[in-house]
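Enquirer:
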Amino acid sequence: MSAQAVSWGTLSAWIMGRLSSPLFTWSSALPMKTLAAVTRRETPASRQSTGRSWIPSIHGGVSCAERISKIFSVRTKRSFRLQVNYGDLCTAEMRQLHQHISGTEGASQAQNVTQECSPYAAHLYDAENPRTPLRNLPGLCFDYCSEFHSNCRSAISLLTSDEHARECCERNKTRFCNLLHLHDEDYCFPSVLKNTVLNRNLGSVVEGHKGCLQLCLAEVANGLRNPVLMLHANDQTHRTFVAEQLGVVWVYLPDGSRLEEPFLDIKSIVLATPWIGDERGFLGMAFHPNYKHNGKFYIYYSYMDKKRVEKVRISELKVLASDANKADPHSERNLLELEEPAANHNGGQLLFGVDGYMYVFTGDGGKAGDPFGKFGNAQNKNVLLGKVLRIDVDGESPDGKPYRIPPDNPFVSDPKARPEVYAYGVRNMWRCAVDRGDPVTKKGRGRIFCGDVGQNRFEEIDIIVKGGNYGWRAKEGFECYDTKLCHNSSLDDILPIYAYGRNVGKSVTGGYVYRGCESPNLNGLYIFGDFMNGRLMALQEDEKTNKWKKRDICIGSTKVCAFPGMISSYSKFIISFAEDEAGELYFLSTSYPSAYAPHGSLYKIVDPARRAPPGKCKYKPVPVKIKSKRIPFVPHAKTVLELLNEPSTKPLKKSSTPAEAISTISSKKYKKTPSPKIKASTVRTAPSSKKTQKIKTEDEHHRSKQKKKIARVARTTPAPSVPKKKSSHLTGTKKPLPKKAAQTKRNWRRGGKRVN
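Just so we're aligned, residue 1 is where the sequence shown starts under the UniProt record's numbering, counting upward by one.
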């Protein structure tokens, strides 16, 4: 048989067979001989010679093959179900199909097959409804289906192995078209291709009715004590390292389990307290760019020296040669120590830029209004507080410092400035991140984004530039704070890309620009939040004007997030954002911001509207020898599907707006799990109740034992005639929580009362 004689029916059958695979994989390509052969329709003569079914033309000169190719082209680019990564199935092999088809007619039909990969497959195959089985045939508009059935029903046996569909097709047109009917008629084929409203929003995150971007969450970890950061070592192992404020760093494996033994435990050195909102503690960590080979990493923490002076320390450590999941605590080498005038504004971010140098972000020293010196620490380039520092950790300087000064630092020749200073005029930058750049164009690569916590009016987002003055204390946000400094002609400050006032939030938490693979619609969005009210936000850059537009993020309604593993609520106080080795984004938050309260969780951010092709985002982690016991992840938050399946007399509240989403944060529901009484130094999972549990100290354990003894005596003693009022320490009654953190002193990163 001539290769030219391969029918479009055969091609369509191959496409359908490949796409209907349960795993939606493309492990084998269509033979190139077949690809090259598809240049014309099969003729009756070739049908007689080959024995293959010949698909006749529909009235009007359009062949069934063309119509079939148009219908099934829509299966190649939209999400299927979450279990199979939704799906942009626009693969290289589908594009190969277009490239290998020659001739005018063949090229035209190939264009129909690929259509640059249509984005509506999830709706056409009803893949977004978890309660219905995945369709083998797409949803067709009734009129179109009727015409298709009348002229092409002989092709159905080639397109599906579903016996029910075949039977309906053979019986009658109405039954067959009812089978292919979609409940959402906006998406039936081919009307969906002409829907201007849908086509206008392609490539965008789904919006709620008030314009917020609807995203979903997946719970990744819980039971953490004020988790301040999550990061990866960029060593292809895809492990993540989660640090708690009190000075413990945990290792999480790619399968979601946690190692029982911590990577690092220096809580005996770190200065941290159980006070709500205390800003001191283990604040930062960064792996050396060459960590895979030299095993070096760096930490930033608060401590108190022998003279009872509070300081922050930046030091270098190494991983144990005998265990890749354990740091060597005896390898610590101090790089830099700074005395802190007050307990707040300690900074804490460490990161390596694309230039290989380490950037250190310090706070202005604390109190309110940066009251130190003539114009404050932040504007004084001769002190290291209130600065962005840049140092070379791969050597020592001639004057004996354990680091070198990069020769291109902006103030190396200024006798009135410290050579470590890279940028200045910052108040208390809390969480900064390096932009990986667009996956294709690399645009934006190397930019450093920071959230700078304001005094009492504005929070801001900045992009750090060499030698930049970010205004504090002359300015707060876009406006003057110290009028005398603000109107000084030498200020020459760099304005934030975005600033917001108290009507939006009170304490910014810097985030990341999304550059991952799994949620392509999020590419280029800078996602950040507010610690105090739990608001999630995004900034989108206008490439023409280079201006940034703020968008609210709301956690999608139960309908939007009704997929396995998805949740629609989170703990309120957003402490930090994170990025894994694959570029996916997370955030860490807690329901009770105390360094000793195990109420913190880690959440992955998911775009339910569009997911990447199955297989495209897969990675093979480099294996690491595990010596510690693995603790499997047990989720506490109930998923949306679990909530939907719960019998309830009250309708579930949808959180389609930022305000509504925030209102549901505190009412997070947990699965009931045992919560044994523990000492403050051990880690357990979060409580089984949404009420805050108090962490028991040694004294409280002693009182608990006394209480049990008294209870045993009480059971054997007659009750007194006049009942005594029970005391809380005997009955175990929990003390009421303090007032909302928003009404306390500038919680977490501000410390101290506001001073106007």
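Here a beta-carbon is modelled for each residue, glycine too, at the ideal position from N, C-alpha and C. Everything numeric in this text was worked out from a predicted model, so none of it was measured.
1) Is it buried or exposed for H288, if we count other Cβ within 10 angstroms and need 16 for buried?
2) Short check: CB of V251 to CB of Y301, under 8 Å?
3) The beta strand (DSSP E) that contains C554, what's its start and end?
4) Suppose you measure from the CA of G529 to the CA of G451; what does that come to, to the nearest Å?
5) Looking at L317 and D328, is the spacing between their C-beta atoms short of 8 Å?
6) Classify P520 as helix, strand or coil using the three-state DSSP reduction.
7) Who are the Cβ neighbours of F176 in its own chain at under 6 Å, not counting the five residues just before and after it?
8) Taking DSSP as the reference, what is the three-state secondary structure of N136?
9) Quick check on DSSP: helix, strand or coil for S315?
10) I believe A272 touches G256 by the beta-carbon criterion, under 8 Å. Please report the beta-carbon distance rounded to the nearest angstrom.
11) Out of A597, W472 and K544, which has the shortest C-alpha to C-alpha gap to G228?
12) So what's R166 in DSSP terms, helix, strand or just coil?
13) For Y481, I'd like the list of residues in its chain whose CB is within less than 7 Å of its CB, leaving aside the five on either flank, ordered along the chain.
14) Classify N382: buried if its beta carbon has 16 or more other beta carbons within 10 angstroms, exposed otherwise.
15) Quick test of your reading: P496 and G477, contact by CB under 8 Å. State the CB separation rounded to the nearest angstrom.
16) I'd like to check one pair, D364 with N428: are the Cβ atoms closer than 8 Å?
17) Just the Cα atoms here: how many angstroms apart are S146 and Q214?
18) Just to confirm the assignment, what range does the beta strand (DSSP E) spanning E581 have?
19) Since S571 and T590 are thought to touch, with beta carbons under 8 Å apart, how far apart are those beta carbons, to the nearest angstrom?
20) Bridge partners for F297 per DSSP, in chain order?
21) To the nearest angstrom, how far is it from the Cα of K618 to the Cα of K550?
22) With a Cβ-Cβ cutoff of 8 Å, do A578 and L231 count as a contact?
23) By Cβ distance below 6 Å, which residues in the same chain neighbour R153 in space, the five residues on each side in sequence not counted?
24) Are the beta-carbon atoms of G524 and D462 separated by less than 8 Å?
25) Please name the residue or residues paired with I574 in a DSSP beta bridge.
26) Please say whether P410 and Y422 have beta carbons closer to each other than 8 Å?
27) For P419, which residues of its own chain have a beta-carbon under 7 Å away from its beta-carbon, when the five flanking residues on both sides are left out?
28) Determine the DSSP secondary structure at S154, reduced to helix, strand or coil.
29) Anyone know if the C-beta pair for V606 and A218 falls short of 8 Å?
30) For K506, is the classification buried or exposed, using 16 other Cβ atoms within 10 angstroms of its Cβ as the cut-off for buried?
31) Please report the straight-line C-alpha distance between I527 and Q540, rounded to a whole angstrom.
32) Below 8 Å, how does it come out for the stretch 354-362 and the stretch 386-394: are there three or more Cβ pairs, yes or no?
33) With respect to the beta strand (DSSP E) encompassing L536, which residues constitute its N-terminal and C-terminal limits?
34) According to DSSP, what are the bridge partners of E339?
35) Based on the DSSP output, what are the partners of Q214 in its beta bridges?
36) When the Cα of F282 is compared with those of Y291, Y298 and V426, which residue comes out closest?
Expert: Based on what the coordinates show:
1) Within the sequence shown, residue 288 is the residue found at index 288, counting from 1. When all chains shown are included, H288 counts as buried.
2) Here the question's residue 251 lines up with position 251 in the sequence shown. Here the question's residue 301 lines up with position 301 in the sequence shown. Their beta carbons are not under 8 Å apart, which means V251 does not touch Y301 by this criterion.
3) Looking up residue 554 in the sequence shown gives position 554. Counting along the chain, the beta strand (DSSP E) containing C554 begins and ends at W548 to I555.
4) For the purposes of this step, residue 529 is taken as the residue at position 529 of the sequence shown. For the purposes of this step, residue 451 is taken as the residue at position 451 of the sequence shown. If I take the Cα positions, the gap works out to 9 Å.
5) As a working mapping, residue 328 is identified with position 328 in the sequence shown. As a working mapping, residue 317 is identified with position 317 in the sequence shown. Yes; because the gap between Cβ atoms is below 8 Å, this pair is in contact.
6) As a first step, residue 520 must be located in the sequence shown, where it is residue number 520. Helix.
7) Stepping through the sequence shown from its first residue, residue 176 is reached at position 176. Cβ-Cβ distances below 6 Å link F176 to H149, C168 and C169 in the same chain, with the five nearest sequence neighbours on each side left out; the list follows chain order.
8) For the purposes of this step, residue 136 is identified with residue 136 of the sequence shown, where counting begins at 1. N136: coil per DSSP, three-state reduction.
9) The count along the sequence shown starts at 1 and reaches residue 315 at position 315. DSSP places S315 in strand when its eight states are reduced to three.
10) Here the question's residue 272 lines up with position 272 in the sequence shown. Here the question's residue 256 lines up with position 256 in the sequence shown. A272 to G256, Cβ: 27 Å. No contact.
11) Start at 1 with the first residue of the sequence shown, and residue 228 comes out as number 228. In the sequence as displayed, the identity of residue 228 is Val instead of Gly. Of the candidates A597, W472 and K544, the residue whose Cα lies closest to the Cα of V228 is A597.
12) Taking the sequence shown and counting its residues from 1, one reaches residue 166 at position 166. Three-state result, R166: helix.
13) Working through the sequence shown from its first residue, we reach residue 481 at position 481. Q455, R473, A474 and K475.
14) Reading the sequence shown from its first residue, position 382 is the one you call residue 382. So N382 ends up on the exposed side.
15) By 1-based counting over the sequence shown, the position of residue 496 is 496. By 1-based counting over the sequence shown, the position of residue 477 is 477. With a Cβ gap of about 6 Å, P496 and G477 count as contacting.
16) Counting from 1 along the sequence shown, the entry for residue 428 is found at position 428. Counting from 1 along the sequence shown, the entry for residue 364 is found at position 364. Judged by beta-carbon spacing, D364 lies within the 8 Å limit of N428, meaning their Cβ atoms are closer than that value.
17) If you number the sequence shown from 1, residue 146 lands on position 146. If you number the sequence shown from 1, residue 214 lands on position 214. Roughly 37 Å separates the two Cα atoms.
18) The sequence position of residue 581 within the sequence shown is 581, counting from 1. Premise fails: E581 is in no beta strand (DSSP E) and is neither H nor E.
19) Translated into the one-based positions of the sequence shown, residue 571 becomes position 571. Translated into the one-based positions of the sequence shown, residue 590 becomes position 590. Between S571 and T590, the beta carbon gap of about 5 Å places them in contact (Cβ cut-off 8 Å).
20) Translated into positions along the sequence shown, residue 297 becomes position 297. For F297, DSSP records a beta bridge to F287 and L317.
21) Reading the sequence shown from its first residue, position 618 is the one you call residue 618. Reading the sequence shown from its first residue, position 550 is the one you call residue 550. Answer to the nearest angstrom: the Cα atoms are 32 Å apart.
22) Sequence index remark: in the sequence shown, residue 578 carries index 578 (1-based). Sequence index remark: in the sequence shown, residue 231 carries index 231 (1-based). In this structure, the beta-carbon distance from A578 to L231 falls below 8 Å.
23) For this step, residue 153 is matched to residue 153 along the sequence shown. For R153, where only same-chain residues beyond five positions count, the Cβ hits under 6 Å are C169.
24) Counted from its first residue, the sequence shown places residue 524 at position 524. Counted from its first residue, the sequence shown places residue 462 at position 462. No.
25) If you number the sequence shown from 1, residue 574 lands on position 574. DSSP, once it has assigned bridges, lists S589 as partnering I574.
26) Your numbering for residue 422 matches position 422 in the sequence shown. Your numbering for residue 410 matches position 410 in the sequence shown. P410 is positioned such that its CB atom lies closer than 8 Å to that of Y422.
27) Against the sequence shown, residue 419 aligns to sequence position 419. Counting only residues of its own chain and dropping the five nearest sequence neighbours on each side, P419 has a CB closer than 7 Å to the CB of I405, N409, F411 and V412.
28) By one-based count along the sequence shown, residue 154 stands at place 154. S154 falls in the helix class under three-state DSSP.
29) On the sequence shown, position 606 is the one that residue 606 refers to. On the sequence shown, position 218 is the one that residue 218 refers to. Yes. Within cutoff.
30) Numbered from 1 along the sequence shown, position 506 holds the residue referred to as residue 506. Classification of K506: buried, given that the 10 Å Cβ count is 16 or more.
31) The count along the sequence shown starts at 1 and reaches residue 527 at position 527. The count along the sequence shown starts at 1 and reaches residue 540 at position 540. Cα to Cα, I527 sits roughly 9 Å from Q540.
32) Touching, yes.
33) Counted from its first residue, the sequence shown places residue 536 at position 536. Element bounds for L536: L536 to E541.
34) Indexing the sequence shown from 1 puts residue 339 at position 339. Its beta-bridge partners are K311.
35) Position 214 of the sequence shown, counted from the start, is the residue given in the question as residue 214. Note: Q214 sits in a beta bridge opposite C554.
36) As a working mapping, residue 282 is identified with position 282 in the sequence shown. Ranking the options by Cα distance to F282, first place goes to Y298.
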